[in-house]
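Trainee: Below you'll find the structure I mean.
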């Protein structure tokens, strides 16, 4: 079976686009928007990921540059036919005083999927970062249940080469089949904001989340976690993002999954 392969790399400076490379099923677009900051939208033209596929995205911002990064739609992880996972790897590098809102849309896990997602963020002095990651288990509107999927979700953030934040979410058949482990939740999300004013933003984020999540702040970082049904969770996540950005979400987020 032919496997999907793709790479898309974008580098922006304060003056605009400095480099764009893409091959295979991974594409990058820079749509015209009303936002003063450029927007980079990554796209998997294969329409989804299955076992053995690999997509690599890279986004670099030069000193003082600001941008928003997003994905065109939700990434769909389909049934894997072998033991190898599908891999989606993202490398983000922010030079001094740069800022990125990294706002990929949800990953939807289908029954039998096996996905490994790797996100690495490198921050130079003074760089700030807002990032979200979210997962949906199947499509409830289609009557789908997910009990035999696997997800390895690794996230690491370094500042000046020093590891400052790391997470590893593992979902497998044992967790998915155990109602005590995940309750009735079909969607999960994490938001992280790294900036000197993180603690000052905490109450606004908590208000935006309401009963759909919780947030805490310490040492220049704010972390929020959400769990629930896909549609209410998405709305709460959008409210939290908007409270931190001070402007609307990217237009590609306007359509529901």
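Residue numbers (this note's numbering): 176 to 432. Even glycine gets a Cβ: it sits at the ideal position worked out from N, Cα and C.
#1: So is residue 376 in contact with chain C if we call contact Cβ pairs under 9 Å?
#2: Beta-carbon separation of residue 307 and residue 268 under 9 Å?
#3: Would you identify the three-state DSSP class for residue 179, choosing helix, strand or coil?
#4: Please go through the same chain and pick out, in chain order, the residues whose beta-carbon is closer than 6 Å to the beta-carbon of residue 431, but skip the five residues on each side of it.
#5: State the beta-bridge partners of residue 190 as determined by DSSP.
#6: Can you tell me whether DSSP reads residue 429 as helix, strand or coil?
#7: Would you grab the beta carbon distance between residue 252 and residue 286 for me? Rounded to a whole angstrom, and I think it's under 8 Å.
#8: For a quick check, are the C-beta atoms of residue 342 and residue 311 less than 9 Å apart?
#9: Consult DSSP for residue 309 and reduce its assignment to one of helix, strand or coil.
#10: DSSP on residue 320, reduced to helix/strand/coil?
#11: Comparing alpha-carbon positions, which option in 265, 192, 257 and 211 lies nearest residue 219?
#12: Here's a check: name, in chain order, each residue in its chain whose Cβ is nearer than 7 Å to the Cβ of residue 370, leaving out the five neighbours to either side.
#13: For residue 205, which three-state DSSP category applies?
#14: Taking only the alpha-carbon atoms, compute the straight-line gap between residue 352 and residue 190 and give it to the nearest angstrom.
#15: Expressed to the nearest angstrom, what Euclidean distance is found between the alpha-carbon atoms of residue 204 and residue 270?
#16: For a test of the three-state rule: what should DSSP assign to residue 225, helix, strand or coil?
#17: Residue 223 and residue 256: beta carbons closer than 9 Å?
#18: For the 8 Å Cβ check, are there 3 or more pairs between the segment 374–382 and the segment 409–418?
#19: Just to confirm before moving on: does the CB-CB distance between residue 344 and residue 305 stay below 9 Å?
#20: For residue 244, which of 275, 262 and 363 has the nearest alpha-carbon?
#21: Whose CA, out of 348, 338 and 278, lies closest to the CA of residue 214?
#22: Can you tell me where the beta strand (DSSP E) holding residue 259 begins and where it ends?
#23: Residue 387 by DSSP, collapsed to three states: which one?
Mentor: Based on what the coordinates show:
#1: Of the protein chains in this structure there is only one, and it is not chain C.
#2: Contact flag unset, no.
#3: In the three-state DSSP reduction, residue 179 falls in the coil class, being neither helix nor strand.
#4: Residue placement at residue 431 is flagged as unreliable, the pLDDT there being 48, under the threshold of 50; a coordinate-derived value is accordingly withheld.
#5: In DSSP, residue 190 forms no bridge with anything.
#6: The three-state secondary structure of residue 429, taken from DSSP, is helix.
#7: With a beta-carbon spacing of about 10 Å, residue 252 and residue 286 fall beyond the 8 Å limit used to define contacts.
#8: In this structure, residue 311 does not lie closer than 9 Å to residue 342 by Cβ.
#9: If DSSP states are grouped into helix, strand and coil, residue 309 belongs with the strands.
#10: If DSSP states are grouped into helix, strand and coil, residue 320 belongs with coil.
#11: Among 265, 192, 257 and 211, the Cα nearest to that of residue 219 belongs to 265.
#12: By the criterion of a C-beta distance shorter than 7 Å, residue 370 is surrounded in its chain by 303 and 395, once the five residues flanking it on both sides are discounted.
#13: In the structure shown, the three-state DSSP call for residue 205 is coil.
#14: Cα-Cα distance, rounded: 51 Å.
#15: So the alpha carbons of these two residues sit roughly 21 Å apart.
#16: Here residue 225 sits in coil by DSSP.
#17: Contact annotation: residue 223 and residue 256 have beta-carbon atoms that are not nearer than 9 Å.
#18: Because the criterion of three Cβ pairs below 8 Å is met, the segment 374–382 and the segment 409–418 touch.
#19: Not a contact, by the Cβ cut-off of 9 Å.
#20: Across the set 275, 262 and 363, the C-alpha of 275 shows the shortest separation from the C-alpha of residue 244.
#21: Out of 348, 338 and 278, 278 has the C-alpha closest to the C-alpha of residue 214.
#22: Element bounds for residue 259: n/a, residue is neither H nor E.
#23: Judged by DSSP in its simplified three-state form, residue 387 adopts helix.
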